[in-house]
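Undergrad:
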Amino acid sequence: MKKVKLFSVFMILVLFPLHAYCQNFTYSNVKIVSVTFSGNLNIRKDDGTGNYTAPHWLASNTTKSPVAYVSGNAPKVAAALTITCATVPATVWVRGHGSDLIEFPAVQVTVASSATTTHNMTYPATTGSKVFAAGIVRFFKPYSIDWEISFDNGTTWKAIETTTNTLYVTKSAPLSETANYMYHTVYDLSCRNAQTKSVDADIISAVWSEFVDHVVLNYNNDSLFYYKLMNTPNSTLSALLKYRDAQCYTFAQLFLASIKIQGIVKSNNYVYVTPTSNKVCGGSYYVDQFLVKSWTFGTPSGSGTCSDFPYKNTYTNLFNASNTAYNFTYKDVTDSGGIPGSCTSNPSSFFNNHQIAKIDGVYYDACYGVTFASISAIKTAAFSGWGFRLSSGGTSTCYFTPDLTKSDLAETITTY
């Protein structure tokens, strides 16, 4: 009778071995520590502190780094894991199920020995099962990987956890950086708006849609302001993205950068606009200022200086103490609001130059979200008047006219 019992116990042990390999069916003792993508594009941080670096996902960080690939390539990913258990096997199997039906194949990984009950494991850099479709812009927010582990050579799989990153896919390789432009917000604005687009014209149109509603947002849905402060000194793309308040230069650069990031080549695309500096008032003065709509012209008091430019404003400090309004000490012409800019209902509107984009013959003014068919069409649609400025003894005196025939615009075209 004892022999039968012993034989029965032996058979149970053979058929159902007592693997104490943390098979608690929740696998809460297995953790993803970090995830690193490779073969990806560089992404600059908006705050100007350099590129995002690996690892791109850390369990200890609430914010995960973005990742970008060129279409036609497959993502490649590695992961660091831990398992906490008194008894562990020499190896386990790990795999991942990614967004877009991309599989990260099962790999047998070694469970490192440890003086404690927590052991490290590394899923090596492994290429996904398929590429992102060639020539198509993609935007994943998030791109998820559902990680799984197996203790029995892949017969049974249990979920570990899901890791997420924002992932961008550009249509083609971004154009080279002659100046820094491959920022987080550039990828985000471009891919977010051009999601699933494949034709250059469609991508440009989709990117432009970000600007037309006067609400341009960065990767974190923060507003990018056009002259929130009327004397903002920020005049570069990097400054716009860092401080989120800048001049016209920067919005033209943001629009064009969001096209370059897709590998779309458009030369002679950056336009520097000024008055033609034609002589007026008997050849005594040059037109060097313009007023963007809308300004109200009152009773002229400056006709004694120039009858063609009879409206006079003076100032010592052009802006008020908070830099939110003009501070003329005397004025015939009053800023009365008009064309809104990005995230600003009444931005600065008294200028001597302006910067816009030009693509395939169309002028794109990204500050205001409007387009023009010709350079001459800008003054008719957007200007209230022309002017020139004289300065003496710390006081500036400006003379204006609402007659738009008194001058025109000149353009200097370069490639951004």
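148 is the number of the first residue of the sequence shown in the working numbering; add one for each residue after it. The beta carbon of each residue, even a glycine, is placed where N, CA and C say it ideally should be. Note that this is a predicted model, so its numbers are computed, not measured.
1. If you draw a straight line from the alpha carbon of A566 to that of V256, how long is it in whole angstroms?
2. With burial defined as no fewer than 16 other Cβ atoms inside 10 Å of the residue's Cβ, what is the status of S538: buried or exposed?
3. Secondary structure at R536, three-state DSSP: helix, strand or coil?
4. Note down the Cα distance separating G541 from N208, rounded to an integer number of angstroms.
5. Is it true that the stretch 174–194 meets the stretch 212–231, where meeting means three or more beta-carbon pairs spaced less than 8 Å apart?
6. Going by DSSP, what residues sit across from N312 in a beta bridge?
7. Decide if the stretch 354–365 is in contact with the stretch 440–451; the criterion is three or more beta carbon pairs, one per stretch, under 8 Å apart.
8. According to DSSP, simplified to helix, strand and coil, what is Y366?
9. Identify the residues that DSSP records as bridge partners of T325: which are they?
10. Tell me the rounded alpha-carbon separation between I292 and A320.
11. Does any CB atom of chain B fall closer than 7 Å to the CB of I179?
12. Closest to I503 by C-alpha separation, out of D512, F497 and S495, would be which residue?
13. Taking the alpha-carbon positions, what's the A237 to L248 distance?
14. Where do the ends of the beta strand (DSSP E) carrying S448 lie?
15. Would you call the CB atoms of N416 and I506 closer than 7 Å?
16. Where do the ends of the alpha helix (DSSP H) carrying F402 lie?
17. Cα separation between A272 and R242?
18. Write down the C-beta distance between A404 and L384 rounded to the nearest angstrom, noting that I regard them as a contact closer than 8 Å.
19. Where in the stretch 171–224 do unbroken runs of the beta strand (DSSP E), each at least 3 residues long, occur, reported from the N-terminal end onward?
20. Kindly confirm or deny that the stretch 408–425 and the stretch 445–452 touch, where touching means at least three C-beta pairs closer than 8 Å.
21. Quick check on S218: buried or exposed, where buried means 16 or more other Cβ atoms within 10 Å of its Cβ?
22. Grab me the residues of K375's own chain with a C-beta within less than 6 Å of its C-beta, minus the 5 sequence neighbours each way, in chain order.
23. In terms of alpha-carbon separation, which member of V517, T310, D335 and T210 lies closest to T317?
24. Grab me the residues of H166's own chain with a C-beta within less than 6 Å of its C-beta, minus the 5 sequence neighbours each way, in chain order.
25. Can you round the beta-carbon distance between Q409 and V284 to whole angstroms, since I take them to be within the 8 Å contact cut?
TA: Taking the geometry as given:
1. In the structure as shown, the chain begins at 148 and stops at 563. Residue 566 is therefore absent and cannot be evaluated.
2. Within the sequence shown, residue 538 is the residue found at index 391, counting from 1. Exposed: under 16 other Cβ atoms inside 10 Å.
3. As a first step, residue 536 is located in the sequence shown; it is residue number 389 there, counting from the start. If DSSP states are grouped into helix, strand and coil, R536 belongs with the strands.
4. Working through the sequence shown from its first residue, we reach residue 541 at position 394. Working through the sequence shown from its first residue, we reach residue 208 at position 61. Computed Cα separation, rounded: 54 Å.
5. yes
6. Residue numbering aside, residue 312 sits at position 165 when the sequence shown is read from its first letter. DSSP output for N312 lists Y290 as bridge partner(s).
7. no
8. Your numbering for residue 366 matches position 219 in the sequence shown. Residue state, collapsed to three classes: coil.
9. For the purposes of this step, residue 325 is taken as the residue at position 178 of the sequence shown. In the DSSP output, where bridge partners are listed per residue, T325 has none listed.
10. As a first step, residue 292 must be located in the sequence shown, where it is residue number 145. As a first step, residue 320 must be located in the sequence shown, where it is residue number 173. Roughly 25 Å separates the two Cα atoms.
11. Judged by its chain identifiers, the structure shown contains no chain B, having just a single protein chain.
12. Numbered from 1 along the sequence shown, position 356 holds the residue referred to as residue 503. Taking only the C-alpha atoms, the option nearest I503 is D512.
13. Start at 1 with the first residue of the sequence shown, and residue 237 comes out as number 90. Start at 1 with the first residue of the sequence shown, and residue 248 comes out as number 101. Computed Cα separation, rounded: 31 Å.
14. Sequence index remark: in the sequence shown, residue 448 carries index 301 (1-based). Neither: S448 is in no beta strand (DSSP E) and is coded neither H nor E.
15. Along the sequence shown, read from residue 1 onward, the residue named residue 416 stands at position 269. Along the sequence shown, read from residue 1 onward, the residue named residue 506 stands at position 359. Yes. Within cutoff.
16. Looking up residue 402 in the sequence shown gives position 255. Where F402 is concerned, the enclosing alpha helix (DSSP H) stretches over C395 to K407.
17. By 1-based counting over the sequence shown, the position of residue 272 is 125. By 1-based counting over the sequence shown, the position of residue 242 is 95. When rounded, the distance between both Cα atoms is 12 Å.
18. For the purposes of this step, residue 404 is taken as residue 257 along the sequence shown, with counting starting at 1. For the purposes of this step, residue 384 is taken as residue 237 along the sequence shown, with counting starting at 1. The pair is a contact, with the Cβ atoms about 6 Å apart (cut-off 8 Å).
19. Listed in chain order, the complete beta strand (DSSP E) runs (minimum 3 residues) inside the stretch 171–224 are 177–185 and 214–217.
20. When Cβ pairs closer than 8 Å are counted between the two stretches, the stretch 408–425 is seen not to touch the stretch 445–452, the count staying below three.
21. In the sequence shown, counting from the first residue as 1, residue 218 sits at position 71. By the 10 Å Cβ count, S218 comes out buried.
22. Locating residue 375 in the sequence shown gives position 228, where the first residue counts as 1. Correct list, in chain order: D392 and T491.
23. Working through the sequence shown from its first residue, we reach residue 317 at position 170. Checking every option, the nearest Cα to that of T317 belongs to D335.
24. Residue 166 sits at position 19 when you count from the first residue of the sequence shown. At H166, the pLDDT of 49 sits below 50, so the modelled position is not reliable and the matter cannot be decided from this model.
25. Position 262 of the sequence shown holds residue 409. Position 137 of the sequence shown holds residue 284. The Cβ separation is near 6 Å, so the contact holds.
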